[in-house]
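Numbered as in our numbering, the sequence shown ends at 462 without a single skipped number. Notes for the one structure printed next.
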Amino acid sequence: MVLSRPSETVTEIAFSPDGRFLAGFGSGPEITVWDLEAQQEFLTLLSPTLAPITGMAFSPIGKTLAGADQDANITLWDVGSDGRTVLTAHADLIKRLSFSPNGSRLASEGQDA
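Next comes the structure, spelled out in structure tokens:
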């Protein structure tokens with residue numbers, strides 16, 4: 350199976366905890382989510398300000414995908430629905446996101462210390 354994004358190169362990928370979805374992003378403002386069972390693109394998630402995505406992580410429980418962007422936003426998407434929550438806790442670029450093993454906490458690393 351070959352999954353692709355014709356518009357740009359994928360620079361980071363992450364599997365959902367159940368293995369059904371694969372998410373990826375490149376240098377733009379969107380994360381593509383592929384449904385691996387159907388072997389096709391499932392949805393495209395956009396950063397709230399259309400700033401380039403800089404990091405992402407799936408929660409180890411459920412279908413929550415966290416994405417960070419260059420405008421210092423963290424967006425939590427419920428993959429499979431239209432649910433979205435935007436968090437603004439940083440003042441500068443966010444580089445990495447990581448959920449705790451039980452999914453109850455999300456850590457973010459940014460250039461604002």
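Heads up, the beta-carbon is just placed ideally off N, CA and C, and yes, glycines get one too.
Buried or exposed for residue i, please, with buried defined as at least 16 other CB atoms from any protein chain shown within 10 angstroms of its CB.
| i | result |
| --- | --- |
| S449 | exposed |
| I291 | The structure shown has nothing for residue 291, since the chain only spans 350 to 462. |
| A438 | exposed |
| S356 | exposed |
Check the C-beta distance from residue i over to residue j and give it rounded, since I have them as a contact under 8 Å.
| i | j | result |
| --- | --- | --- |
| L414 | A372 | 6 Å |
| R433 | L446 | With 8 Å as the limit, R433 and L446 do not qualify as a contact, their Cβ atoms being about 15 Å apart. |
| T360 | G375 | 5 Å |
| G459 | A421 | 7 Å |
CB-CB under 7 Å to residue i, same chain, minus the five flanking residues each way: which ones, in chain order?
| i | result |
| --- | --- |
| T403 | A417, D418, Q419, L442, I443 and K444 |
| R369 | D384, L385 and E386 |
| D431 | none |
Quick one: what does DSSP say residue i is sitting in, helix, strand or coil?
| i | result |
| --- | --- |
| Q388 | coil |
| G373 | strand |
| S447 | strand |
| I362 | strand |
| D427 | strand |
| P418 | According to the sequence shown, residue 418 is Asp rather than Pro. D418 falls in the strand class under three-state DSSP. |
| G404 | strand |
Based on Cα-Cα distance, which residue from the options lies nearest to residue i?
| i | options | result |
| --- | --- | --- |
| D461 | A440, T360 and E361 | A440 |
| F407 | S365, G429, L395 and A400 | S365 |
| D427 | F391, S353 and E361 | F391 |
| M405 | D367, R354, E357 and P378 | P378 |
| V351 | I362, A363 and Q389 | Q389 |
| D367 | L395, G411, T393 and L436 | G411 |
| S453 | T393, L395 and P409 | P409 |
Note down, in chain order, each residue of its chain lying with its Cβ closer than 6 Å to the Cβ of residue i, except the 5 sequence neighbours on either side.
| i | result |
| --- | --- |
| R354 | T381 |
| N451 | none |
| V435 | P397, N422 and T424 |
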